[in-house]
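No gaps in the numbering here: position 210 of the sequence shown is 210 in my numbering, and each next residue is one more.
Working notes, structure below.
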Amino acid sequence: MAHSGDLASRGIECGDVKLNLEKMMGEKSKAVGALTGGIKMLFKGNKVAHLEGHGKITGPNQVSVLGPNGEVTEVVNTKNIMIATGSEVTPFPGIEVDEETIVSSTGALSLKEVPEKMIVIGAGVIGVELGSVWSRLGSQVTAVEFMGHVGGMGIDMDMSKQFQRIMTKQGIKFKLNTKVTGAKKEGGKITVSVESVKDGKVEDMVADVLLVCVGRRPYTQNLGLEELGIELDNRGRVPVNSRFQSVLPNVYAIGDCIAGPMLAHKAEDEAIISAEGMVGGPVHIDYNCVPSVVYTHPELAWVGKSEEDLKSEGVEYSVGKFPFAANSRAKCNNETDGLVKILGDKHTDRLLGAHIIGPGAGEMINEAALAMEYGASCEDIARVCHAHPTCSEAFREANLAAWSGKAINNM
Numbered sequence: 001m002a003h004s005g006d007l008a009s010r011g012i013e014c015g016d017v018k019l020n021l022e023k024m025m026g027e028k029s030k031a032v033g034a035l036t037g038g039i040k041m042l043f044k045g046n047k048v049a050h051l052e053g054h055g056k057i058t059g060p061n062q063v064s065v066l067g068p069n070g071e072v073t074e075v076v077n078t079k080n081i082m083i084a085t086g087s088e089v090t091p092f093p094g095i096e097v098d099e100e101t102i103v104s105s106t107g108a109l110s111l112k113e114v115p116e117k118m119i120v121i122g123a124g125v126i127g128v129e130l131g132s133v134w135s136r137l138g139s140q141v142t143a144v145e146f147m148g149h150v151g152g153m154g155i156d157m158d159m160s161k162q163f164q165r166i167m168t169k170q171g172i173k174f175k176l177n178t179k180v181t182g183a184k185k186e187g188g189k190i191t192v193s194v195e196s197v198k199d200g201k202v203e204d205m206v207a208d209v210l211l212v213c214v215g216r217r218p219y220t221q222n223l224g225l226e227e228l229g230i231e232l233d234n235r236g237r238v239p240v241n242s243r244f245q246s247v248l249p250n251v252y253a254i255g256d257c258i259a260g261p262m263l264a265h266k267a268e269d270e271a272i273i274s275a276e277g278m279v280g281g282p283v284h285i286d287y288n289c290v291p292s293v294v295y296t297h298p299e300l301a302w303v304g305k306s307e308e309d310l311k312s313e314g315v316e317y318s319v320g321k322f323p324f325a326a327n328s329r330a331k332c333n334n335e336t337d338g339l340v341k342i343l344g345d346k347h348t349d350r351l352l353g354a355h356i357i358g359p360g361a362g363e364m365i366n367e368a369a370l371a372m373e374y375g376a377s378c379e380d381i382a383r384v385c386h387a388h389p390t391c392s393e394a395f396r397e398a399n400l401a402a403w404s405g406k407a408i409n410n411m
């Protein structure tokens, strides 16, 4: 804010503003340590035994803990087994990650200096998030994306265009419909070769850091699954039924190693529901009500159906939009980029999808998720009193527009 002149325009004058990346990374590490330490405390408080090592299923009711050299350090016999091993970075063929100048999302969180130029392979969620961080810290960022839009799978195309416009205004460059054909280190720089998907035009780009963000893959190798007869699908995921059971009824799997979006909150819900199911509880999750968030500034979030989903399903729908430029709180905070977009059933008015770009979108989307879980209509939300001035009033106004055809505080 100081660097952009925003503080000065509000009467707050600062001296020379500098970035101390080492201190910033130190605070990052401190936060990570506090979070992981908190998990250890929860384990202890809930009498959960924590065994460190590589877990491998060595029998229908047995898990062995392997040490660094592959030796068995402990064997646990159990009634049920839950596979919650998460995912790992998907490698890019022909490009070797060294986590120094050619980095994955892991290395991108620990760079020792701000690169003058950064190229990001992939303009999906992780690529745009990390590209946005380093762009705001002063790097010239270019994102190369094979697909024709930013934001990855599941995003509403209208919102993708709005999102790209905002990110471009912040300084990030995008090369869409473009594939990376190779990368090599030359004289302390990295030369990245790209090719247009549409016309085959080739180009060499030079950067100080190359960030590879082409997705993640399930961490399901060397877990002993095949030996037990648990076959993986073509993407390395464990097939499960509605109770999260594999072909072996007492071996369960959740999170990134099964089908569905790779989201921590999705995995957490699956773990809770799966564990409850093990002891006889009901098992139910509505994946249509699992929100997605892109942690940029401003944030992008959505839950439910996109316009493309509804068109492909033949569902008639109404659209309501409200820009943050017309929201009192956003205007006072000078955070007017973005909007709320609501999709409602044209005949029943039921809320079908909510899409938000703007301040606090990741918080606001949970109101939409709650409304969808309870089958609310756009009118239901429009008739709920929202505190003024708040950014969440934009959510109410967009629902009002979807239901009645017109918001109150926008022409």
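Backbone N, C-alpha and C fix where the C-beta goes; we use that ideal spot for every residue, glycine too.
All of these numbers come straight from a predicted model, not from anything done at the bench.
Residue environment analysis places residue 19 among the exposed positions, since fewer than 16 neighbouring C-beta atoms fall within 10 angstroms of its C-beta.
Of all C-beta pairs linking the segment 260-270 to the segment 102-122, fewer than three are shorter than 8 Å, placing the two stretches out of contact.
Comparing alpha-carbon positions, the option among 165, 189, 195 lying closest to residue 178 turns out to be 195. Excluding the 5 residues flanking it on each side, residue 146 has same chain C-beta neighbours closer than 6 Å at 179, in chain order.
In the three-state scheme derived from DSSP, where H, G and I count as helix and E and B as strand, residue 329 is classed as helix.
DSSP places residue 118 within a strand segment (E or B) once states are collapsed to three. Beta-carbon to beta-carbon, residue 248 and residue 223 are separated by about 13 Å, too far to satisfy the 8 Å threshold.
When the beta-carbon positions are compared, residue 305 and residue 353 come within less than 7 Å of each other. In the DSSP assignment, the residues bridged to residue 193 are 182, 204. The criterion of a C-beta distance shorter than 7 Å is not satisfied by residue 386 and residue 379. Within the same chain, Cβ atoms closer than 8 Å to the Cβ of residue 137 are found at 19, 21, 114, the five residues on either side in sequence being excluded. Here residue 346 has 316, 317, 318 as same chain residues with Cβ atoms under 6 Å from its own Cβ, once five neighbours each way along the sequence are excluded. In the three-state reduction of the DSSP assignment, residue 342 falls in the strand class, which pools E and B.
Secondary structure of residue 92 (DSSP, three-state): coil. For residue 73, the enclosing beta strand (DSSP E) covers residues 72-77. The alpha-carbon separation between residue 290 and residue 242 amounts to approximately 16 Å. Scanning its chain for C-beta atoms nearer than 8 Å, with the 5 sequence neighbours on each side dropped, one finds around residue 175 the residues 142, 143, 144, 145, 194, in chain order.
In terms of Cβ geometry, residue 84 and residue 254 form a close pair [threshold 7 Å]. CA-to-CA, the gap between residue 12 and residue 334 works out to about 15 Å. Beta-carbon to beta-carbon, residue 6 and residue 166 are separated by about 16 Å, too far to satisfy the 8 Å threshold. Of 360, 382, 341, the smallest CA-CA separation from residue 157 is found for 341.
In its chain, beyond the 5 residues on either side, 318, 320, 342, 344, 378 have a beta carbon closer than 6 Å to the beta carbon of residue 402. The segment 277-284 and the segment 255-263 do not touch, with fewer than three beta-carbon pairs separated by less than 8 Å. DSSP, read as helix, strand or coil, puts residue 290 in coil. By the C-beta density criterion, residue 405 is exposed, having fewer than 16 other C-beta atoms within 10 angstroms. Of 348, 389, 381, 314, the smallest CA-CA separation from residue 332 is found for 389.
Listed in chain order, the beta strand (DSSP E) elements of length 3 or more contained wholly in the segment 24-71 are 54-59, 62-66.
When secondary structure is reduced to three states using DSSP, residue 245 falls in the strand class.
In the DSSP assignment, residue 365 is bridged to no other residue. Residue 277 is not a Cβ neighbour of residue 90, given a cutoff of 7 Å.
Put simply, of 312, 124, 27, 339 the residue whose alpha carbon is nearest the alpha carbon of residue 159 is 339. DSSP, reduced to helix, strand and coil, places residue 235 outside both helices and strands of the structure shown, so it counts as coil. Just measuring C-alpha positions, the residue of 148, 301, 151, 134 sitting nearest residue 170 is 134. With a beta-carbon spacing of about 6 Å, residue 150 and residue 128 fall inside the 8 Å limit used to define contacts. Residue pairing of residue 169 in beta bridges, as defined by DSSP: absent, with no partner found. Counting along the chain, residue 131 sits inside no beta strand (DSSP E); it lies in the alpha helix (DSSP H) bounded by residues 125-136.
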